[in-house]
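So the number in our numbering is just where the residue sits in the sequence shown, counting from 1, plus 11.
Note that the Cβ used here is the ideal one computed from N, Cα and C, for glycine as well.
The structure displayed is predicted, hence computed values, not measured ones.
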Amino acid sequence: MKETNLILKELKKVLARADRKKVKMLVNEIISSSSIKTIGHGRSGYVGECFSMRLKHLGLKTGNGLLIVISGSGLTKDVLQKVRKTKAKTVLITINGKSLIAKKADLVIELKAGKSKQPMRSLFEQAALVYLDAVIMLLMKKLKISEKEMWRKHD
């Protein structure tokens, strides 16, 4: 199906441009945190929930530690309010590295998913999900946790 090929082509382009140093920084932040919380609105929020689930499968604690924000625009009002209130170290995954949330974040990871033939922010949401799945794979390697061990923690 040509639509599937288009989606994969766009996704590959976005992920190829992601900053490799920042993914390592994110992995190190997660490892050094006592707990991790993800927030986002709408489909970005669902991406955060998927990531939180995998963190639990790794045996990492989710809660009110490191705050990982997923926001395509970086302007979502309710998310911005939460970021302004937190005292936790904050990581933002976004399209907009100059946004209001980016200005408050300690680490900003830009996924350049602006122009797309897909509707709305689909490309960003897909890219964020795949990017965070790659982070899980890096965490598995660094923490020496096998998939078999993760299955044992699966609900």
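By alpha-carbon distance to F62, the top candidate from N75, G53 and K48 is K48. The beta carbon of A113 lies closer than 6 Å to those of G85, L103 and V119 in the same chain, with the five residues before and after it left out. It is roughly 7 Å from the alpha-carbon of L26 to the alpha-carbon of L122. Annotation for L69: I147, L150, M151, L154, I156, M161 and K164 place their beta carbon closer than 8 Å to its own, counting only its chain and skipping 5 residues before and after.
In terms of Cβ geometry, I50 and L71 do not form a close pair [threshold 9 Å].
As a beta-bridge residue in DSSP terms, K48 pairs with L78. By the criterion of a C-beta distance shorter than 7 Å, S110 is surrounded in its chain by S84, G85 and L86, once the five residues flanking it on both sides are discounted. Between K93 and L77, the gap from beta carbon to beta carbon reaches 9 Å or more. The same chain holds no residue with a CB closer than 6 Å to that of V34 once the five nearest residues on each side in sequence are set aside.
Rounded to whole angstroms, the gap between the alpha carbons of M36 and R28 is 16 Å. In its chain, beyond the 5 residues on either side, no residue has a beta carbon closer than 8 Å to the beta carbon of S43.
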